[in-house]
Amino acid sequence: MKILLIIATLLFSSALFADTFLLDVRTPQEFEQGHAYSAVLIPHDQIESQQAKLPKDKDQEIKVYCRSGNRAGKAVKTLNALGYNNVENIGGLEDAKEWVKR
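Quick note, the sequence shown lines up with residues -18 to -1, 1 to 84 if you use mature numbering (1 follows the signal peptide of the UniProt record, and there is no 0).
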């Protein structure tokens, strides 16, 4: 019974976040020390050179975080300049972890 509950919870969580792209713009070293579940790492100063990792749909929801929100703010501006329309700075790592829990 517990296994079924865990599987159902995981499936629900996957469906809930399927349309949201969670972007971590910290350094690889920071990412290795810990990151929010399902986050994709693209350091803020490498977004343009790593566009292949970004969603193809420029209207897809993108939530961006870093350590404190500063680099995420810069990343949002870069993403907007690349044509992404649905981008939000959600702050730092702890904010991102809280967002994932919702």
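Heads up, the beta-carbon is just placed ideally off N, CA and C, and yes, glycines get one too.
Assigned secondary structure, residue i (DSSP; H/G/I helix, E/B strand, else coil)
i, result
"K38", "coil"
"V58", "helix"
Rounded straight-line distance, which links the Cα of residue j to that of residue i
i, j, result
"L75", "S50", "7 Å"
"V82", "K59", "23 Å"
"G16", "D41", "28 Å"
"A21", "R8", "11 Å"
Check whether residue i and residue j have beta carbons under 9 Å apart
i, j, result
"Y47", "D1", "no"
"Q32", "I24", "yes"
"I29", "L4", "no"
"G73", "A54", "yes"
Environment of residue i [buried if 16+ CB atoms lie within 10 Å]
i, result
"R84", "exposed"
"N71", "buried"
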